[in-house]
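Inspection log for the structure reproduced underneath, given as structure tokens.
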Amino acid sequence: MADRFRLILAVLIFVLGIAGFYYLDNQPDFVRALIVLGSAAVGAAIGYQTEPGRRLWEFTKASRAELRKVVWPSNKETMQVTLVVFGMVVLIAVFLWIVDWGLLKIMQALTGQRA
Numbered sequence: 001m002a003d004r005f006r007l008i009l010a011v012l013i014f015v016l017g018i019a020g021f022y023y024l025d026n027q028p029d030f031v032r033a034l035i036v037l038g039s040a041a042v043g044a045a046i047g048y049q050t051e052p053g054r055r056l057w058e059f060t061k062a063s064r065a066e067l068r069k070v071v072w073p074s075n076k077e078t079m080q081v082t083l084v085v086f087g088m089v090v091l092i093a094v095f096l097w098i099v100d101w102g103l104l105k106i107m108q109a110l111t112g113q114r115a
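Have a look at this one:
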């Protein structure tokens, strides 16, 4: 029950920060942004004190560890794959253009129309 109360309080603080951003529209933008960031930080701190908050933090840490294990492609590989994708897009576009043109000619022949 205490976790539920803390989670509701965390969300409420964050929502109030967003509401404050719009309510204080006569203030400078950086002040309004600080209000939202501050409310998000306070809400996150309160949310972390709950069991779901701690599990979410552990999940985030484990996800970051998995990201570090990923072998990312080099710039050369990225450029090669990008060029292959671009080439295939052009090839398929030309193919569809030819099919469309052919169907147009067939329909014109069947209906007796000329463009």
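The opening residue of the sequence shown carries number 1 in UniProt numbering; numbering runs sequentially from there.
Glycine included, every Cβ here is placed at the ideal spot set by N, Cα and C.
To the nearest angstrom, how far is the alpha carbon of residue i from that of residue j?
{"i": "residue 56", "j": "residue 50", "result": "10 Å"}
{"i": "residue 86", "j": "residue 15", "result": "44 Å"}
{"i": "residue 27", "j": "residue 18", "result": "14 Å"}
{"i": "residue 114", "j": "residue 108", "result": "6 Å"}
Assuming residue i and residue j form a contact by the criterion Cβ under 8 Å, report the distance between their Cβ atoms to the nearest whole angstrom.
{"i": "residue 39", "j": "residue 8", "result": "Not really, about 14 Å apart at Cβ, beyond 8 Å."}
Just to confirm before moving on: does the CB-CB distance between residue i and residue j stay below 8 Å?
{"i": "residue 11", "j": "residue 21", "result": "no"}
{"i": "residue 47", "j": "residue 4", "result": "no"}
Give the DSSP-derived three-state secondary structure of residue i in the structure shown.
{"i": "residue 1", "result": "coil"}
{"i": "residue 114", "result": "coil"}
{"i": "residue 12", "result": "helix"}
{"i": "residue 100", "result": "helix"}
{"i": "residue 91", "result": "helix"}
What runs of the alpha helix (DSSP H), each 4 residues or longer, lie entirely inside the segment 33-76?
Counting only runs of 4 or more, we get 51-69.
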